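The letter at position 33 of the sequence shown is residue 101 when you use this note's numbering, and the numbering goes up by one with no holes. Don't be surprised by glycine CBs; every beta carbon is placed ideally from N, CA and C. Treat the numbers as computed from the prediction; the structure is a model and nothing was measured. One structure is given here, and the rest of the page talks about it.
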Amino acid sequence: MRGLWDRLRRRSEQRAVERRAIPDALWQQTLAHYPFLARRDAADVAALRRLSSLFLDRKEFSGAQGLDVDDAMAVAIAAQACLPVLRIGLAAYDGFVGIVVQPDEVQVRREFVDDAGIVHEVDDVLSGEAIEGGPMMLSWRDVAEGGDTSAWGYNVVIHEFAHVLDMRDGEADGVPPLPTRAARDEWLSVLTRAYEAFCADVDSGHDTWLDPYGAEAPGEFFAVTCEAFFVSPHDLLADHPTVYALLAQFFRQDPAARS
Ligand SMILES: [Zn+2]
Numbered sequence: 069m070r071g072l073w074d075r076l077r078r079r080s081e082q083r084a085v086e087r088r089a090i091p092d093a094l095w096q097q098t099l100a101h102y103p104f105l106a107r108r109d110a111a112d113v114a115a116l117r118r119l120s121s122l123f124l125d126r127k128e129f130s131g132a133q134g135l136d137v138d139d140a141m142a143v144a145i146a147a148q149a150c151l152p153v154l155r156i157g158l159a160a161y162d163g164f165v166g167i168v169v170q171p172d173e174v175q176v177r178r179e180f181v182d183d184a185g186i187v188h189e190v191d192d193v194l195s196g197e198a199i200e201g202g203p204m205m206l207s208w209r210d211v212a213e214g215g216d217t218s219a220w221g222y223n224v225v226i227h228e229f230a231h232v233l234d235m236r237d238g239e240a241d242g243v244p245p246l247p248t249r250a251a252r253d254e255w256l257s258v259l260t261r262a263y264e265a266f267c268a269d270v271d272s273g274h275d276t277w278l279d280p281y282g283a284e285a286p287g288e289f290f291a292v293t294c295e296a297f298f299v300s301p302h303d304l305l306a307d308h309p310t311v312y313a314l315l316a317q318f319f320r321q322d323p324a325a326r327s
């Protein structure tokens, strides 16, 4: 039965790839716009293109505030989203379907209750948001700037999809599901040490290469280091070698060696 199931799955995937094939010109344009995608070797780029077609087949895009999400925009999001799951597989994103694309960042007002039970309202500006079960929100302006902002390790698509991977076992706490207890212990030990050192660096007013937003919480540190790992891997390797090694093991990729 297993063999039959695999065959059926492969056939249905192949149909989806054909149905959502990305035209050559559009794919080349996407690679040119996001150099960190183009830096991968030919096999990775081909695998990424195939995975992007499957992603387009499984996800539903909608534009907010009158924004028309065209093929180029959908492919740009798909290709960046698929980079982290190149080896892990697309099923890691099966927990949600909808992606809402906003023209720009979004102002939101949030309520939170402090330890004394007092309700506070805070204004926040979001360039993206991942919620368990979806939909995901992305600011198109930030997505479009992803080629230029890669120099400082910034990438909103990879950031939000890192949260999706993290939330597969519940909270976005910086610890995605790991295969063994030992792997989880190692993850916690490496990530916690790096996070605390980073927070101390940010608190002391040092200019950090890595986005200081990572000091907000361990979950944000994970997301921010994932962005850097994929778009500016040499810098992350130089700045946070232990975190780089942890992510290389988790994603089964070594982008600094390949680019
Ligand atoms: Zn975040």
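- A straight line joining the alpha-carbon of Val-153 with that of Arg-178 spans about 31 Å.
- For Arg-178, the uninterrupted beta strand (DSSP E) segment begins and ends at 174 to 181.
- Linking Pro-323 to Ser-207 through their CA atoms gives a straight-line distance of about 26 Å.
- Contact between Ala-313 and Val-225 does not hold, since the beta-carbon distance rounds to 24 Å and is not under 8 Å.
- Annotated three-state conformation of Val-258 is helix, per DSSP.
- The closest heavy atom of ligand 1 lies less than 8 Å from the beta carbon of Glu-228.
- Judged by DSSP in its simplified three-state form, Ser-207 adopts strand.
- Per DSSP, reduced to three states, the secondary structure at His-231 is helical.
- Shortest gap from the CB of Glu-239 to any heavy atom of ligand 1: 8 Å or more.
- Judged by DSSP secondary structure, Gln-97 falls within the alpha helix (DSSP H) whose first and last residues are 92 to 101.
- In this structure, the alpha-carbon of Asp-74 lies about 54 Å from that of Ser-272.
- Counting only residues of its own chain and dropping the five nearest sequence neighbours on each side, Phe-164 has a CB closer than 6 Å to the CB of Gly-201, Gly-202.
- Around Asp-191, the same chain offers Gln-175, Arg-177 as residues with beta carbons nearer than 7 Å, after the five sequence neighbours per side are excluded.
- In the three-state reduction of the DSSP assignment, Asp-192 falls in the strand class, which pools E and B.
- Close CB contacts of Trp-255 within its chain, under the 7 Å cut and outside five residues either way in sequence, are with Val-243, Leu-246, Leu-314 (chain order).
- Shown here, Val-292 sits in a helix according to DSSP, grouped into three states.
- The DSSP-derived three-state label of Glu-197 is strand.
- The residues Leu-122, in chain order, have a CB closer than 7 Å to that of Glu-81 in the same chain once the five nearest residues on each side in sequence are set aside.
- A contact between stretches requires three or more CB pairs, one per stretch, nearer than 8 Å, and the region 123 to 138 fails this requirement with the region 294 to 307.
- Within the chosen limit of 8 Å, ligand 1 does not reach the beta carbon of Gly-214 with any heavy atom.
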